[in-house]
Amino acid sequence: MNSIYAQDSTTVRFLVKGGDKYFIRLDGELQPQTNILKIEQGTHELEVWSFKSDLYKGKLETGKLDSTNFLVALKQSSEFSAYLAQKEQFKRDLFWSRTAPVALAGLSAAVIPFAYFSRKNKHEDLVKNEFYDQFGQIPSATIDNSRLRYKTANVLFMVASAGFVVGTSSFFLLRKKSNALNPPVFRQQNPFTLEYIELTMNHSIKAPELGLVLNF
Amino acid sequence: MTLKSFLQISILCLTLSSCFQRPKACLNLDDTYETGREYRLSSCSENFDFLTWDFGDQSYGFIGETAPHTFYEQGEYYLKLTAYADGGYRSDEIVQKVKASKRYLSHFEVVGESNFSKFRLAFGSNQIPGPSANGSFTEALPYSKQIWPEQAIAIPLEKVKVTFFGERNGSSTTLVSPDIINFENNTENPFILEGENFLVKVYWTYN
Chain A
1 MNSIYAQDST
11 TVRFLVKGGD
21 KYFIRLDGEL
31 QPQTNILKIE
41 QGTHELEVWS
51 FKSDLYKGKL
61 ETGKLDSTNF
71 LVALKQSSEF
81 SAYLAQKEQF
91 KRDLFWSRTA
101 PVALAGLSAA
111 VIPFAYFSRK
121 NKHEDLVKNE
131 FYDQFGQIPS
141 ATIDNSRLRY
151 KTANVLFMVA
161 SAGFVVGTSS
171 FFLLRKKSNA
181 LNPPVFRQQN
191 PFTLEYIELT
201 MNHSIKAPEL
211 GLVLNF
Chain B
217 MTLKSFLQIS
227 ILCLTLSSCF
237 QRPKACLNLD
247 DTYETGREYR
257 LSSCSENFDF
267 LTWDFGDQSY
277 GFIGETAPHT
287 FYEQGEYYLK
297 LTAYADGGYR
307 SDEIVQKVKA
317 SKRYLSHFEV
327 VGESNFSKFR
337 LAFGSNQIPG
347 PSANGSFTEA
357 LPYSKQIWPE
367 QAIAIPLEKV
377 KVTFFGERNG
387 SSTTLVSPDI
397 INFENNTENP
407 FILEGENFLV
417 KVYWTYN
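Heads up: the sequence lines are chains A and B, in that order.
When we follow the numbering used here, the leftmost residue of the first sequence carries the number 1, and every step to the right adds one.
When we follow the numbering used here, the leftmost residue of the second sequence carries the number 217, and every step to the right adds one.
Here it is in structure tokens:
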């Protein structure tokens with residue numbers, strides 16, 4: 001029975017490592033986007049490509065098998081590796097020229113009112129305790145604690161004020177530089193469909209942006 | 217926002233913060249306070265958050281708008297009031313000299329028709345005889361007997377029996393019935409003793 005109905009095709013399950021969405025071209029013909037293909041038994045020219053990866057070229061030998069698995073490990077494109085390095089540098093530059101100054105100024109601005117009123121209250125307590133201390137009305141530990149609390153509140157206020165000044169000044173001084181920063185772009189052509197795909201970053205929110213360029 | 221506008225806003229904020237009103241220390245004190253009596257010292261200060269009171273008599277200081285205080289020893293004291301505002305960063309102080317003293321009987325005056333040779337005032341255990349008392353004494357020209365400083369009779373802050381007598385031929389007649397005056401409450405000057413035919417005004421003075 002088997003010899004009469006012998007199959008002349010093989011079901012191949014592709015296991016592609018290194019790419020989510022991949023394209024398969026078999027003997028120069030683009031295949032549907034599925035990982036299971038039924039192909040004629042024999043030797044085939046296989047090309048697999050995924051965005052951000054180099055094109056894989058190899059031979060697929062099915063033999064006489066009814067079904068088989070084919071493992072393809074895609075190699076990350078060197079341009080994409082360079083893009084990742086540029087992206088990290090861009091994020092660092094953007095952080096130091098804009099995010100850090102804004103965060104410092106913003107955080108300091110949020111802390112300043114609290115620190116201001118805290119310092120004022122602690123100073124009032126200190127003045128009162130120093131007054132009582134003149135007459136020996138309070139233990140010396142109380143006046144020491146009061147001085148320490150005021151000192152702490154004073155330092156917090158000074159640090160917050162300095163942070164606000166430094167953050168705001170840095171923001172204005174580095175604004176030109178941060179505006180001039182351009183996010184890196186990774187552009188790659190699908191070797192099968194000839195479409196261009198672009199990957200870059202949103203300048204403001206630093207989120208990746210993906211674009212597709214169609215060539216007709 | 218540009219750097220220029222940021223700097224302008226910063227300068228404006230600093231200018232406004234310096235416009236806070238300064239506190240003004242002011243005292244509403246009498247010249248003399250009776251020793252042993254508790255007073256509530258008040259202030260006429262303005263624009264303050266809190267006031268500190270240094271009574272200058274080695275007693276404890278006080279923080280508050282009106283200060284309860286008792287001077288226990290006679291003398292002159294320099295009372296210092298400090299008005300603080302803006303968390304104690306701004307202040308103004310005022311020093312005023314006050315005197316603390318006991319009350320002493322100063323003199324007494326009598327109004328009425330008298331055929332007594334002498335008057336005598338009994339203030340607790342103190343006897344205060346007066347000079348010749350025969351005659352007619354009016355509000356305009358009363359009989360008067362100076363007590364202070366020949367006799368230093370302090371008025372205690374308690375109840376005292378006060379009686380007024382007339383003396384004639386070696387015998388005494390009560391002209392004003394014994395009156396018990398509580399000097400803890402009574403600060404009138406003079407305090408008055410009223411009899412049937414005589415009106416006695418007793419004056420007191422501070423040291």
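Note that CB positions come from ideal geometry on N, CA and C, so glycine has one too.
Contact between the region 51 to 65 of chain A and the region 105 to 123 of chain A (3+ Cβ pairs under 8 Å)
no
Assuming V327(B) contacts L391(B) (C-beta within less than 8 Å), just tell me the rounded distance between them.
Wrong, their Cβ atoms sit about 12 Å apart, outside the cutoff.
Taking all protein chains shown into account, decide if I371(B) is buried (16 or more other Cβ within 10 angstroms of its Cβ) or exposed.
buried
One question on the structure: do N423(B) and S317(B) come within less than 8 Å of each other, judged by their Cβ atoms?
yes
What three-state label does DSSP hand N405(B) in the structure shown?
coil
Counting contacts by CB-CB distance shorter than 8 Å, is I279(B) in contact with chain D?
Structure shown: chain D not included; protein chains present are A and B.
Looking at the structure shown, is E47(A) part of a helix, part of a strand, or coil, going by DSSP?
strand
Express the C-alpha separation of R256(B) and L373(B) in angstroms, rounding to a whole number.
17 Å
Under 7 Å by beta carbon: chain A residues contacting T268(B):
F131
Report the start-end ranges of each beta strand (DSSP E) in the region 12 to 78 of chain A that is 3 residues or longer and not cut off at the edges.
22 to 26, 36 to 40, 43 to 50, 56 to 61 and 67 to 73
For E250(B), I'd like the list of residues in its chain whose CB is within less than 6 Å of its CB, leaving aside the five on either flank, ordered along the chain.
R319
If we cut at 8 Å on Cβ distances, does F264(B) have a partner in chain A?
no
What does Y293(B) touch in chain A if you count any residue whose Cβ is under 9 Å from its own?
Residues of chain A passing the Cβ test: none, with the nearest at roughly 14 Å.
Rounded C-alpha distance that separates R119(A) from D273(B)
33 Å
Span separating the alpha-carbon of D20(A) from that of A85(A):
21 Å
Give me the residue from Y288(B), Q362(B) and G411(B) with the minimum Cα distance to K315(B).
Y288(B)
Report the option in G63(A), G28(A) and T62(A) whose CA atom is closest to the CA atom of E47(A).
G28(A)
Which residues in the same chain have their Cβ closer than 7 Å to the Cβ of G252(B), if we skip the five residues on either side of it in sequence?
T286, Y288 and L373
Would you list, in chain order, the members of the region 134 to 158 of chain A that have their beta-carbon closer than 7 Å to a beta-carbon of chain B?
Q134, F135 and Q137
Beta bridge counterpart(s) of Q424(B) as assigned by DSSP
Because chain B spans 217 through 423 in this model, residue 424(B) falls outside it and cannot be assessed.
Which stretch, first to last residue, makes up the beta strand (DSSP E) that contains L321(B)?
R319 to S330
Please report the distance separating the alpha-carbon of F271(B) from that of G277(B).
7 Å
Whether or not the region 183 to 191 of chain A and the region 121 to 137 of chain A are in contact is what I'm after, with contact meaning three or more pairs of Cβ atoms, one per stretch, closer than 8 Å; do they touch?
no
Go ahead and pull the three-state DSSP assignment for G340(B).
coil
Whether or not the region 87 to 96 of chain A and the region 171 to 187 of chain A are in contact is what I'm after, with contact meaning three or more pairs of Cβ atoms, one per stretch, closer than 8 Å; do they touch?
yes
Relative to the C-alpha of F407(B), which residue among I279(B), K417(B) and Y305(B) is closest?
K417(B)
Taking 8 Å as the cut-off, decide whether the C-beta atoms of G376(B) and F399(B) are in contact.
Looking at the sequence provided, one finds Val at residue 376(B) rather than Gly. Yes. Within cutoff.
Report the rounded CA-to-CA distance for K151(A) versus Y300(B), giving the unit in angstroms.
20 Å
Would you call the region 93 to 100 of chain A and the region 162 to 179 of chain A in contact, with 3 or more CB pairs under 8 Å?
yes
Under 7 Å between beta-carbons, which chain B residues line up against V127(A)? List them in chain order, please.
Y300 and G304
Quick check: is the beta carbon of Y276(B) nearer than 8 Å to any beta carbon in chain A?
yes
Extract the residue ranges of the beta strand (DSSP E) inside the region 172 to 203 of chain A, only unbroken runs of 3 or more that lie entirely within it.
186 to 189 and 196 to 201
Quick one: what's G351(B) bridged to in DSSP?
S330(B)
Interface partners of N121(A) on chain B, CB under 7 Å:
G303
Between which two residues does the beta strand (DSSP E) harbouring S258(B) extend?
E254 to S259
Compare the Cα-Cα distances from N331(B) to each of I344(B), E355(B), G304(B) and G382(B) and report the closest residue.
G382(B)
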